[in-house]
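Below: the structure, in structure tokens.
Number of protein chains: 2
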Amino acid sequence: MEIRKATKADHEAIWAITKQVIASCESFVFAPDTSRERMLAFWCNRKKHVFVALVNERVVGTFYISDNQPGLGAHVANAGYMTDPSFEGKGVGSEMGLFSLEEARRLGYKSMQFNIVLKSNERAVKLWQRLGFKIVGEVPDVFNHPTKGLINSYIMWQKL
Amino acid sequence: MEIRKATKADHEAIWAITKQVIASCESFVFAPDTSRERMLAFWCNRKKHVFVALVNERVVGTFYISDNQPGLGAHVANAGYMTDPSFEGKGVGSEMGLFSLEEARRLGYKSMQFNIVLKSNERAVKLWQRLGFKIVGEVPDVFNHPTKGLINSYIMWQKL
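Going line by line, the protein sequences match chains H and L. Using the numbering used here, the first residue of the first sequence is number 1, and each one after it goes up by one. Using the numbering used here, the first residue of the second sequence is number 161, and each one after it goes up by one.
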């Protein structure tokens, strides 16, 4: 798997993945009908370091690294990850996670924090724990799933 | 004390309070040298419900209520509060807090979440606990204080 910085030429592939991921309502808070423009403005804005993961030159995943907070909180990295659903369970998330931790260190961040990891997304929770993240908080009823109702989420964190 | 919606005419007073509050580095992540433009763009943007608290027609505090997350997380309110330092300890924060909880309920939010309450800001932590908030998480080293170093913060939450 190759991981490299995303360019504008990757936007179509990023949107194709995003559209499927938000349609599932299993991980991201963005509503399933969020527009391409809004989603790309969030994912690919200039405050973020955006990457794509490729298998045989096909974009199969994307992630970003950004400041979790401005100013006195800007030493903490935040990150978001999406994998093409047809490539799930093949280690794409794991490789993106490892790469992002290394890259965040290189960028000078002191820790990495995830603000919403759905408790119901057990595969993600286990993956992040395996990569060194700790659950440092649990917020009730944070995510309003269209059929499952309100779901708790974890805050996950690790020192870099 | 009167609490009402902020208007553009209140921006100067809001900035005067903000400038002092961020200079103290005791509660907000914004760096002490954050510009007026940046701060007002954050505090008074059109995604937020912004209020001012007045004593004898003088603005002594301000707060906002907004969605804590987009889409499937938009039923959770976030809020931020600032009190003129010369009016601290006079119940301004408490009245703003009570008002904001009532207003958030009225706006249809199901819960309220604070993402960064500095552990060192004991007065704030106690105030929010008194108003019904629970500590649901503690994130290490979130805040880089210019002299005290890295400080933990709480995530606080309550059902509305």
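Each residue gets a CB set at the ideal place from its N, CA and C atoms; glycine is no exception. Predicted model only: the values in this text are computed from it and were never measured.
Residue j beta carbon less than 8 Å from that of residue i
i, j, result
"residue 66 of chain H", "residue 47 of chain H", "yes"
"residue 140 of chain H", "residue 317 of chain L", "yes"
"residue 155 of chain H", "residue 99 of chain H", "no"
"residue 72 of chain H", "residue 303 of chain L", "yes"
"residue 311 of chain L", "residue 261 of chain L", "no"
"residue 193 of chain L", "residue 220 of chain L", "no"
"residue 82 of chain H", "residue 21 of chain H", "yes"
"residue 96 of chain H", "residue 63 of chain H", "yes"
"residue 1 of chain H", "residue 18 of chain H", "no"
"residue 108 of chain H", "residue 297 of chain L", "no"
Residue of the options minimising C-alpha distance to residue i
i, options, result
"residue 254 of chain L", "L/267, L/265, L/266, L/240", "L/240"
"residue 197 of chain L", "L/251, L/175, L/287", "L/175"
"residue 264 of chain L", "L/217, L/235, L/167, L/276", "L/235"
"residue 131 of chain H", "H/123, H/138, H/137", "H/123"
"residue 168 of chain L", "L/161, L/204, L/179, L/177", "L/204"
"residue 294 of chain L", "L/305, L/320, L/269", "L/320"
"residue 145 of chain H", "H/31, H/56, H/13", "H/31"
"residue 121 of chain H", "H/110, H/13, H/86, H/148", "H/148"
"residue 90 of chain H", "H/55, H/109, H/107", "H/55"
"residue 110 of chain H", "H/3, H/4, H/77", "H/77"
"residue 276 of chain L", "H/69, H/86, H/153", "H/69"
"residue 13 of chain H", "H/58, H/3, H/5", "H/58"
Reduced DSSP category for residue i - H, G, I as helix; E, B as strand; rest coil
i, result
"residue 199 of chain L", "helix"
"residue 170 of chain L", "helix"
"residue 180 of chain L", "helix"
"residue 156 of chain H", "strand"
"residue 132 of chain H", "coil"
"residue 120 of chain H", "coil"
"residue 29 of chain H", "coil"
"residue 242 of chain L", "strand"
"residue 61 of chain H", "strand"
"residue 1 of chain H", "coil"
"residue 102 of chain H", "helix"
"residue 72 of chain H", "helix"
"residue 138 of chain H", "strand"
"residue 268 of chain L", "coil"
"residue 149 of chain H", "strand"
> Is there contact between the segment 206-225 of chain L and the segment 181-189 of chain L, where contact requires at least three CB pairs shorter than 8 Å?
Replying inline: no
> Given a limit of 7 Å on CB to CB distance, which residues of the segment 74-102 of chain H reach chain L?
Replying inline: 75, 76
> Between the segment 127-143 of chain H and chain L, which residues of the former have CB atoms less than 7 Å from a CB of the latter, in chain order?
Replying inline: 136, 137, 138, 139, 140, 141, 142, 143
>> By the 7 Å beta-carbon criterion, what residues does the segment 182-200 of chain L contribute toward chain H?
In response: 185, 189, 190, 191, 194
> Between the segment 200-213 of chain L and chain H, which residues of the former have a C-beta closer than 9 Å to a C-beta of the latter?
Replying inline: 202
> In the segment 8-23 of chain H, which residues sit with their C-beta less than 7 Å from some C-beta in chain L, listed in chain order?
Replying inline: none
> Which residues, in order along the segment 59-73 of chain H, keep a beta-carbon less than 9 Å from a beta-carbon of chain L?
Replying inline: Taking 9 Å as the Cβ-Cβ cut-off, the segment 59-73 of chain H approaches chain L at 68, 69, 70, 71, 72, 73, given in chain order.
>> Along the segment 265-287 of chain L, where does the CB come closer than 8 Å to a CB of chain H? Name the residues.
In response: 270, 271, 273, 275, 276
> Along the segment 306-319 of chain L, what residues have a CB closer than 7 Å to any CB found in chain H?
Replying inline: The residues in question are 315, 317.
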